[in-house]
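Counting in the numbering used here, the first sequence runs from 100 upward without gaps.
Ideal Cβ placement from N, Cα and C applies to all residues, glycine included.
Report on one structure; see the data block that follows.
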Amino acid sequence: MIKTRFAPSPTGPLHIGGLRTALFNFLFAKQNKGEFLLRIEDTDKKRSEKKWEKEIFENLEKLNLFWDNKVERQSKRKEIYKIYLEKMLENGTAYYCFCTKEELDKEREELIKQGRAPVHQGKYRTLPLKEALKKNGNPVIRFKCPLNKDIVFHDLIRGAIKINTNDIGDFVIAKDLNNPLYNFTCTIDDYEMQISHVIRGEEHIPNTPKQILLGEALNFPIPEFAHLSLILGKDKRKLSKREGSTAIADYLKQGYLPPAIINFIAFLGWNPGTDKEIYSLDELIKDFSIKKVSKSGAIFNIDKLDWINGMYIRKMNLDELTQKCLPYLKQKKGIDNKKVVLAYKDRLKKLEDITKLTDYLYQDKLNYNKELLRWKDMQDREVKKSLTDALNLIKENNENIKEKLIKEAKKASSIGNFMWPLRVALSGKKASAGPDEIINIIGKEESLKRIQSALAFLTKS
RNA sequence: GGCCCUAUCGUCUAAUGGUUAGGACAUCAGGUUUUCAACCUGGCAAUCGGGGUUCGACUCCCCGUGGGGUCACCA
100 MIKTRFAPSP TGPLHIGGLR TALFNFLFAK QNKGEFLLRI EDTDKKRSEK
150 KWEKEIFENL EKLNLFWDNK VERQSKRKEI YKIYLEKMLE NGTAYYCFCT
200 KEELDKEREE LIKQGRAPVH QGKYRTLPLK EALKKNGNPV IRFKCPLNKD
250 IVFHDLIRGA IKINTNDIGD FVIAKDLNNP LYNFTCTIDD YEMQISHVIR
300 GEEHIPNTPK QILLGEALNF PIPEFAHLSL ILGKDKRKLS KREGSTAIAD
350 YLKQGYLPPA IINFIAFLGW NPGTDKEIYS LDELIKDFSI KKVSKSGAIF
400 NIDKLDWING MYIRKMNLDE LTQKCLPYLK QKKGIDNKKV VLAYKDRLKK
450 LEDITKLTDY LYQDKLNYNK ELLRWKDMQD REVKKSLTDA LNLIKENNEN
500 IKEKLIKEAK KASSIGNFMW PLRVALSGKK ASAGPDEIIN IIGKEESLKR
550 IQSALAFLTK S
């Protein structure tokens, strides 16, 4: 059975890159009727926090990326790692190393100076275990890396990748029996969880031969690998917090819709090869292909996210959208927020936009520059006349306001001469919904009040 | 510095070795709108450089160059 896993370390919020890794693992597993598993890599006690673990769960759930089975936590698996560690120590594929940090730093520096791979090929690698156990000090446990051997693996996305063991060296697999390190725990867990496909970020390519070597030393079957390119920022560098948020939670908070986020992230490095760009999660499961994932890094472009999100907002049914907009809207007696949402759904890129766009609907007193009331080169008295006409028309009518306004507007020398001052009087804004929509939302009484205020405003100066 | 990955419009990307190098976002122009948005039409815009292989190269190979990753007692 196909099994994939998402294995974040709980040291920060779930970010764009992590989400894409999770998504691709999810899609690949689901389209093969396999399992998508979740493993928390929290062996680093200093940096791992429960709150981040929770944050990761919550956000995956919000995005409908549900995992199978229960979550594995590395911190709960110490005993298992210990058994494998002892096994490797005993069969000589790992050894205790007593080198101090200072010695290693010096060695590294020297190697770089000589233009050689800065890796450690330990002087303790031949020290028998029995002797090592008698020796004083705080040794770490290193893998005894085979010398000058080419490790080749076939990456599902990139094809064959070859690395020579001389460029790897005897890497540390555990601080001691009770404190195993990443490459080791990862190898053990992928084996024990029977992971068939390891899909992860490109930064793990150098770790892959290490994990293969470890797997070989333990007689594990080797899984398939696929390495995703990195997601970059506008400056073509690794996406950093500096340029806006990278945390998924922030996008959710701003009112980017989960299916839009999924759709957008899926297209960062993958596409179906057709013109279809709007994809639901189910459709993605069907059409996704790991082999078609692109090899080069993709720049995170918020404009496209905005566009996709706008598409999803416009597609949504009004009741549901209104519910989702509620947190971003003010409340006022007499105002039906459903009408507000209807008037603005075509103008939103993300839900939070609606707050600023509609603030004027809820205000008791509008604050705008008098000049705004003037359409092109209208005279003050023309503006007043337009507003007065509008005032009377609205006063006398309760129905079909839109048609009546247009009919009246057509009598004017230009439609704008009538409509613009009215719209500004009602909204106080350069850009807003149409006058009829505003009247429909705030009601006749409030509309008349606003037009009168505008007239008074004009007269005053 | 060693090793590894990578390179098509500004961005995301498409193109069994043969296409006027296609689409989308952004942008620009026009239409529709009182305005803004939405919508419709159209325009601008790319194969990193140099060598090969080939009748023919975005595509394959080599050498550069750029970008990225990694070389932790982090993951």
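Contacts around residue i, its chain only, beta-carbon distance under 7 Å, and the 5 residues preceding and following it disregarded
i           : result
residue 155 : 107, 109, 113
CA nearest to the CA of residue i, picked from the options
i           : options            : result
residue 456 : 468, 365, 427, 479 : 427
residue 282 : 271, 291, 276      : 271
residue 463 : 303, 552, 344, 487 : 552
residue 439 : 421, 449, 432      : 421
residue 483 : 555, 417, 500, 120 : 555
residue 300 : 504, 394, 544, 509 : 394
residue 402 : 386, 538, 333, 230 : 333
residue 304 : 318, 375, 267      : 267
residue 362 : 377, 157, 368      : 377
residue 316 : 530, 404, 243, 391 : 243
Residue i versus residue j - alpha carbon distance
i           : j           : result
residue 461 : residue 454 : 10 Å
residue 296 : residue 262 : 20 Å
residue 487 : residue 540 : 21 Å
residue 525 : residue 516 : 15 Å
residue 449 : residue 412 : 8 Å
residue 227 : residue 366 : 53 Å
residue 353 : residue 409 : 13 Å
residue 415 : residue 356 : 10 Å
residue 208 : residue 359 : 49 Å
residue 444 : residue 510 : 31 Å
residue 480 : residue 433 : 33 Å
residue 192 : residue 291 : 19 Å
residue 388 : residue 118 : 17 Å
residue 500 : residue 518 : 13 Å
residue 190 : residue 350 : 51 Å
residue 514 : residue 446 : 23 Å
residue 544 : residue 459 : 16 Å
residue 441 : residue 306 : 52 Å
residue 202 : residue 222 : 12 Å
residue 477 : residue 374 : 48 Å
residue 245 : residue 318 : 15 Å
residue 558 : residue 508 : 23 Å
residue 521 : residue 546 : 10 Å
residue 123 : residue 404 : 18 Å
Same chain, Cβ closer than 8 Å to residue i, neighbours up to 5 away in sequence not counted
i           : result
residue 259 : 251, 252, 253
residue 148 : 109, 110
residue 211 : 217
residue 284 : 140, 142, 173, 176, 180
residue 247 : 263, 264, 265
N-terminal and C-terminal residue of the alpha helix (DSSP H) that residue i is part of
i           : result
residue 106 : From DSSP, residue 106 is part of no alpha helix (DSSP H); its letter is neither H nor E.
residue 537 : 534–541
residue 420 : 417–424
residue 176 : Here residue 176 belongs to no alpha helix (DSSP H), and DSSP marks it neither H nor E.
residue 306 : 306–316
residue 157 : 149–161
residue 514 : 514–526
residue 509 : 500–510
residue 446 : Where residue 446 is concerned, there is no enclosing alpha helix (DSSP H), given that its DSSP letter is neither H nor E.
residue 361 : 357–365
Beta strand (DSSP E) segment containing residue i, residue limits
i           : result
residue 249 : 249–254
residue 327 : 323–327
residue 271 : 271–273
Chain-order list of residues whose beta-carbon lies under 6 Å from that of residue i (same chain, five-residue window excluded)
i           : result
residue 274 : 239
residue 286 : 310, 313, 314
residue 164 : 121, 125
residue 104 : 136, 138, 294
residue 152 : 109, 139
residue 527 : 459, 465, 467
Identity of the residues DSSP links to residue i by a beta bridge
i           : result
residue 196 : 239
residue 136 : 104
residue 398 : 331
residue 260 : 252
residue 298 : 325
residue 114 : 346
residue 279 : 273
Contact test: residue i Cβ vs the ligand GTP heavy atom, cutoff 7 Å
i           : result
residue 420 : This structure does not include the ligand GTP; it has no bound ligands of any sort.
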